[in-house]
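Sequence lines, in order, name chains S and E. The opening residue of the first sequence carries number 1 in this note's numbering; numbering runs sequentially from there. The opening residue of the second sequence carries number 1 in this note's numbering; numbering runs sequentially from there. Shown next, in structure tokens, is the structure this report addresses.
There are 2 protein chains.
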Amino acid sequence: MTRKNRGAPPTNESRTWVPVTIRDVAKVAGVSTGTVSNVLNRPDIVAEATRRRVLEAVETTGFIRNTQAYQLRGGRSHTVGVVVLDVSNPFFTEMFRGAESSLQAEGYVLMLASTDDSVEREASFVRAMEEHRVEGILITPAAADLEGLAGLRTRGVPTVLLDRKAAADEFCSVTVDDVRGGELAARHLFDMGHTRIVFFNGPTTIRQCRDRRQGVRKAVRALSKRSPREASELSVGALTVRHGEEVVERILSMVPRPTAVMCANDLLALGVLRGLASRDVRVPEDLAVVGYDDLIFGSMLSPALTSVRQPAFELGVAAAELLLDEVRNPEHRHREVRFEPELVVRASSSTAP
Amino acid sequence: MTRKNRGAPPTNESRTWVPVTIRDVAKVAGVSTGTVSNVLNRPDIVAEATRRRVLEAVETTGFIRNTQAYQLRGGRSHTVGVVVLDVSNPFFTEMFRGAESSLQAEGYVLMLASTDDSVEREASFVRAMEEHRVEGILITPAAADLEGLAGLRTRGVPTVLLDRKAAADEFCSVTVDDVRGGELAARHLFDMGHTRIVFFNGPTTIRQCRDRRQGVRKAVRALSKRSPREASELSVGALTVRHGEEVVERILSMVPRPTAVMCANDLLALGVLRGLASRDVRVPEDLAVVGYDDLIFGSMLSPALTSVRQPAFELGVAAAELLLDEVRNPEHRHREVRFEPELVVRASSSTAP
DNA sequence: AGTGATACTTGACACGTTTCAATCAGTGGA
DNA sequence: TCCACTGATTGAAACGTGTCAAGTATCACT
């Protein structure tokens with residue numbers, strides 16, 4: 001009934017701040033709660049004088065609207081969940097920035113979680129976000145199948161897959177054509193005059209790795225019609241710098257020795273470059289190197305790294321647009337927005353063998 | 001019957017999901033809502049048979065607890081806000097990962113926002129987070145003063161400053177000793193036998209830049225007692241690669257020419273390296289280079305970049321711990337957790353002049 | 001059978017907000 | 001003076017959950 005200490009000035013020592021409600025504001029302004037609510041939500045229908053009085057009361061009391069109550073009453077949560085595989089990977093943070101830029105403009109706050117490839121963690125985050133009644137979820141699924149996301153679909157939580165395709169009636173998705181990317185990189189090396197290259201791949205359980213491999217093979221098949229081309233394949237357990245560095249030995253001992261190596265991502269390529277530098281193998285004269293992802297740091301190396309650029313920021317923007325459409329448009333249809341990768345040629349591959 | 005409806009692809013129209021409440025579960029299980037609540041929150045006090053029946057009903061209905069209602073009733077939001085200057089900066093994402101690792105274990109979900117140095121954006125995010133009743137906020141303030149955060153303090157929202165010190169009675173904070181870091185780097189160069197170095201700084205409006213400069217001056221003062229040491233200071237408007245590259249000309253034209261340059265961060269250093277490479281100046285023989293931040297990519301350059309490492313991940317962990325203490329411990333006292341930077345010596349500075 | 005104790009279950013209320021039908025005050029017209 | 005009308009304000013209901021005093025059923029023991 002009578003609240004303790006309402007409006008008492010908070011001292012540094014005693015943290016006796018009691019949340020101020022719309023009722024407190026009403027009391028101070030000498031109006032009803034309904035009027036306060038109207039001032040906040042439909043200022044036009046309330047008389048000028050009252051409005052001023054209420055706003056003043058809001059100011060003096062330091063009122064901050066309680067979103068939970070608002071939402072419970074039927075309002076929207078203005079929250080979107082984002083679930084990625086790894087926040088420390090620049091590709092994902094760029095995507096996040098893209099999504100953020102679109103969604104913040106619409107008044108949304110983003111919840112971010114990083115699964116580190118763990119299906120269990122993913123499930124737990126998605127669960128938590130559903131409990132928070134997020135209006136939608138952007139997600140890079142950790143598992144190969146989409147079984148774990150079935151609940152989202154049946155419960156009608158708007159969901160957009162990031163860098164992962166889904167069947168048309170399941171989810172919206174934004175993707176990059178990895179087959180095309182692999183093809184671009186391989187073609188470039190062949191065009192530069194290389195005939196024997198190595199495709200240095202990551203684990204083929206990862207879809208991106210499979211697709212890029214397929215692109216490389218496609219390029220080999222297409223170009224071999226004129227003159228023989230060859231791409232040996234080499235695969236390691238993870239897409240890290242360390243794995244890249246460790247495999248250099250194997251590449252150099254191949255007979256006949258390849259003249260170029262195409263890496264499944266930039267981290268592998270950075271490792272390769274490091275390994276080569278320590279063995280005094282010149283790049284690109286002795287061995288040309290191409291990466292994938294176009295991390296900003298690749299351009300600062302000497303030689304600068306040729307790479308396949310993925311429009312991460314734009315991916316995020318597109319995902320946000322799809323989500324907003326699904327949230328607002330009753331006639332929304334799921335669809336896939338597919339981006340084209342782009343080859344960025346730099347010094348590490350610009351000399352003919 | 002159970003086939004998908006091929007004729008009409010699904011639109012939003014067919015999303016006939018109505019939110020399942022605790023009341024629906026109660027009806028299905030044939031008990032009261034109170035019992036369902038008990039099963040969910042204090043399973044021990046409800047009879048085995050009833051509990052099983054209720055859990056089964058939860059399963060079949062697909063019930064997901066509404067956090068807003070829970071919280072409105074007096075529960076906690078299990079949400080923490082994180083506000084950083086730039087999500088695409090690896091330093092901040094590492095810090096985020098650190099905080100995430102601690103907070104997720106405690107069942108918290110994180111809201112992330114990136115201010116891009118804008119005080120207005122910061123204010124708007126903090127406001128939104130307060131409306132969401134986050135239990136606490138980790139923030140890298142955009143403004144020089146902490147005026148904009150005064151509201152957080154008076155309202156008693158637990159807040160921890162990231163990489164920014166506050167007066168003892170204001171907020172908790174986690175920081176790295178930038179004075180010490182600047183001193184470490186400068187001392188290292190002097191110890192290697194350099195006597196005339198350049199301190200290549202960013203804008204001194206940034207606290208970190210001021211502190212690092214102070215460290216450099218301290219090293220000069222201390223070591224000059226034996227034999228003369230000198231550090232010219234040079235400052236540019238932003239800590240970017242481009243600014244680093246552009247300033248190379250000025251450094252090379254100094255008379256007498258310095259033998260080493262210490263940069264206020266790694267991005268500047270990367271730019272300097274690039275500029276030097278294009279002018280055939282050898283590193284470290286002609287000019288030694290030291291950076292700050294120890295971005296992972298600096299170690300991959302040749303020559304690899306000497307740098308001052310900041311324990312970003314640990315910073316995040318510490319911030320989370322401070323926040324949790326402030327949230328849970330009634331006798332919490334604000335304090336500063338200060339980390340020591342660490343010099344990582346690599347090839348770019350390992351030769352005497 | 002009566003008594004008390006034990007073990008569950010119930011149902012109303014509170015949380016802070018929005019909404020909406022109802023009320024009130026004021027104005028102008030007849 | 002009465003009526004109709006407009007514009008402004010009110011007050012109570014509802015959202016989904018957790019709590020807790022009060023209730024019921026069951027059982028053991030005399």
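A virtual CB, placed ideally from N, CA and C, is assigned to each residue, including glycine. Only a predicted model underlies this, so the values are computations on that prediction, with no experimental measurement involved.
_Closer than 8 Å to chain S by CB, asparagine 41 of chain E_ = no
_Taking only three categories from DSSP, how would you classify arginine 420 of chain S?_
Not covered by the structure: residue 420 of chain S. The range shown for chain S is 1 to 353.
_If contacts are defined as beta-carbon pairs under 8 Å, then leucine 162 of chain E and valine 126 of chain E qualify, I think. What distance do you get, rounded to the angstrom?_
Actually they do not touch by this definition, with Cβ atoms about 14 Å apart.
*Identify the contact partners of leucine 322 of chain E in chain S, using a Cβ-Cβ distance below 9 Å as the criterion.*
Ordered by position in chain S, no residue passes the 9 Å Cβ test against leucine 322 of chain E, which lies about 15 Å from the chain.
*Would you kindly work out how many angstroms separate the C-alpha atoms of leucine 184 of chain E and alanine 99 of chain E, rounded to a whole number?*
27 Å
*Should serine 348 of chain E be labelled buried (16 or more other beta-carbon atoms within 10 Å of its own) or exposed?*
buried
*Alpha carbon to alpha carbon, how far is alanine 168 of chain E from alanine 123 of chain E?*
23 Å
*asked:* On the DSSP letters alone, give me the boundaries of the beta strand (DSSP E) that valine 134 of chain E sits inside.
replied: From DSSP, valine 134 of chain E is part of no beta strand (DSSP E); its letter is neither H nor E.
*Drop a sphere of 10 angstroms on the beta-carbon of proline 284 of chain E, count the other beta-carbons inside from all chains shown, and report buried for 16 or more, exposed for fewer.*
buried
*Between the Cα of serine 77 of chain E and the Cα atoms of E/Arg65, E/Leu305, E/Gly148, E/Arg23, which residue gives the shortest distance?*
E/Arg65
_C-alpha gap between glutamate 135 of chain E and leucine 110 of chain E, whole angstroms_ = 10 Å
*Where does glycine 202 of chain S land, buried or exposed, given buried means 16+ other C-beta within 10 angstroms?*
buried
*asked:* Taking the straight line between their C-alpha atoms, what separation do you get for proline 90 of chain E and alanine 312 of chain E?
replied: 9 Å
*What number of angstroms, rounded off, separates the C-alpha of serine 32 of chain E from the C-alpha of valine 25 of chain E?*
9 Å
*Label valine 345 of chain S either buried or exposed according to how many other C-beta atoms from any shown protein chain fall within 10 Å of its C-beta, with 16 as the threshold for buried.*
exposed
*Would you say glutamine 310 of chain E reaches chain S, if we count a Cβ-Cβ gap shorter than 8 Å as a contact?*
no
*Distance, Cα to Cα, histidine 194 of chain S vs glutamate 336 of chain S?*
36 Å
*Among residues of its own chain, excluding the 5 on either side of arginine 258 of chain S, which ones have a beta-carbon nearer than 6 Å to its beta-carbon?*
Position check: residue 258 of chain S holds proline in this sequence, whereas arginine was assumed. Taken in chain order, the residues that qualify are Arg196, Ile197, Val198.
*What residues of chain E sit near serine 235 of chain S, judged by a beta carbon separation below 7 Å?*
By Cβ distance, chain E contributes nothing, its closest Cβ being about 22 Å from serine 235 of chain S, past 7 Å.
_CB of methionine 192 of chain S within 8 Å of CB of alanine 304 of chain S, strictly_ = no
*For arginine 238 of chain E, which of helix, strand or coil comes out of DSSP?*
According to the sequence provided, residue 238 of chain E is alanine. The question's arginine does not apply to it. DSSP places alanine 238 of chain E in coil when its eight states are reduced to three.
*Please classify asparagine 265 of chain E: is it buried, with 16 or more other beta-carbons within 10 angstroms of its beta-carbon, or exposed?*
buried
*Inter-residue Cα distance where the pair is arginine 3 of chain S and tyrosine 70 of chain E*: In this predicted model, arginine 3 of chain S has a pLDDT of only 35, less than 50, meaning its place in the structure is not dependable; the value taken from the coordinates is given anyway. If I take the Cα positions, the gap works out to 22 Å.
*Taking valine 20 of chain S as part of the beta strand (DSSP E), name the residues at either end of that continuous run.*
Where valine 20 of chain S is concerned, there is no enclosing beta strand (DSSP E), given that its DSSP letter is neither H nor E.
*Would you list the residues sitting across from alanine 231 of chain E in a DSSP beta bridge?*
E/Ile197
*Rounded to whole angstroms, how far is the Cβ of leucine 273 of chain S from the Cβ of leucine 239 of chain S, which I believe are closer than 8 Å?*
That pair is no contact at about 15 Å.
_Nearest-angstrom Cα separation, counted from valine 157 of chain S out to threonine 11 of chain E_ = Here threonine 11 of chain E scores only 46 on pLDDT, less than 50, and its place in the model should not be relied on; the value that follows carries that caveat. About 13 Å.
*Short check: CB of arginine 187 of chain S to CB of alanine 219 of chain S, under 8 Å?*
yes
_I need the straight-line Cα distance from glycine 7 of chain E to leucine 315 of chain E, nearest angstrom please._
Residue placement at glycine 7 of chain E is poorly supported in this model, since its pLDDT is 35, which falls under 50; the coordinates are not used for a value here.
*Excluding the five sequence neighbours on either side, which residues of its own chain have a C-beta within less than 8 Å of the C-beta of proline 141 of chain S, listed in chain order?*
Glu122, Gly148, Leu149, Leu161, Arg164
*Please classify aspartate 117 of chain S: is it buried, with 16 or more other beta-carbons within 10 angstroms of its beta-carbon, or exposed?*
exposed
*asked:* By the three-class DSSP mapping on this structure, what secondary structure does arginine 6 of chain S have?
replied: Note that arginine 6 of chain S scores a pLDDT of 35, beneath 50, so its modelled location is shaky; the value from the coordinates is reported in the next line. Coil at arginine 6 of chain S, not helix or strand.
*asked:* Tell me whether the segment 275 to 290 of chain E and the segment 246 to 261 of chain E touch, counting them as touching only if at least three CB pairs, one residue from each stretch, are closer than 8 Å.
replied: yes
*Quick one: what's serine 114 of chain S bridged to in DSSP?*
S/Val84
*Span of the beta strand (DSSP E) holding arginine 309 of chain E?*
307 to 309
*Taking Cβ positions, are valine 247 of chain E and leucine 234 of chain E nearer each other than 8 Å?*
yes
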